[in-house]
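Worksheet: one structure, shown below.
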Amino acid sequence: MVDPDAPTPSDPSQREYLHWLVSDIPEGCDVSRGTEVVAYESPRPTAGIHRFAFVVFRQTVRQEIHAPGWRANFNTRDFAAFYSLGEPAAAAYFNCQREGSCGGRSGEFKPLTTSCTSTAN
1 MVDPDAPTPS DPSQREYLHW LVSDIPEGCD VSRGTEVVAY ESPRPTAGIH
51 RFAFVVFRQT VRQEIHAPGW RANFNTRDFA AFYSLGEPAA AAYFNCQREG
101 SCGGRSGEFK PLTTSCTSTA N
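Take a look at the structure:
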């Protein structure tokens, strides 16, 4: 899961910020049975509307996936190329922003929309 709008949509100098990385997910989409390579970090946008993307690749062989040494400036395309993962098998995204003082508690995060796309091989 990555945030291409970090730290802010108007200045995404940390794009793509890596929030979660799981490998070796068994056929059938049971993510909890995969190997968590980078621990989940919940979205905490400080300004603007952020897009958060889940990108799924089909692993043709089981291989050791190493955690990158950073979260900021992760590059999904470079990662996929390095591990020979090919094109994404599926992707989904949601928008999220920090709610202000109007209509919600301070510090609450509200998903704005959810949209999913997928491709089948």
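Under UniProt numbering, read the sequence shown as residues 1 to 121, first letter to last. Note that the Cβ used here is the ideal one computed from N, Cα and C, for glycine as well.
Which one of the options has the shortest CA to CA distance from residue i?
i                : options                       : result
valine 2         : Arg58, Arg44, Arg33 and Gln59 : Arg44
phenylalanine 57 : Tyr40, Pro4, Arg77 and Ser13  : Arg77
alanine 89       : Ala39, Val38, Ser32 and Gln59 : Gln59
With H, G and I counted as helix, E and B as strand and the rest as coil, what does DSSP make of residue i?
i                : result
threonine 76     : helix
serine 23        : strand
phenylalanine 82 : helix
valine 61        : coil
arginine 33      : helix
aspartate 3      : strand
Give me, in chain order, the residues of the same chain whose beta-carbon lies closer than 6 Å to that of residue i; leave out the 5 immediate sequence neighbours on both sides.
i          : result
alanine 53 : Val2 and Tyr93
glycine 86 : none
Counting only the same chain and skipping the five closest in sequence on each side, list residues whose C-beta sits under 7 Å from that of residue i.
i            : result
aspartate 11 : none
arginine 62  : Asp24
valine 37    : Leu21, Val22, Ser23, Ile65 and Ala67
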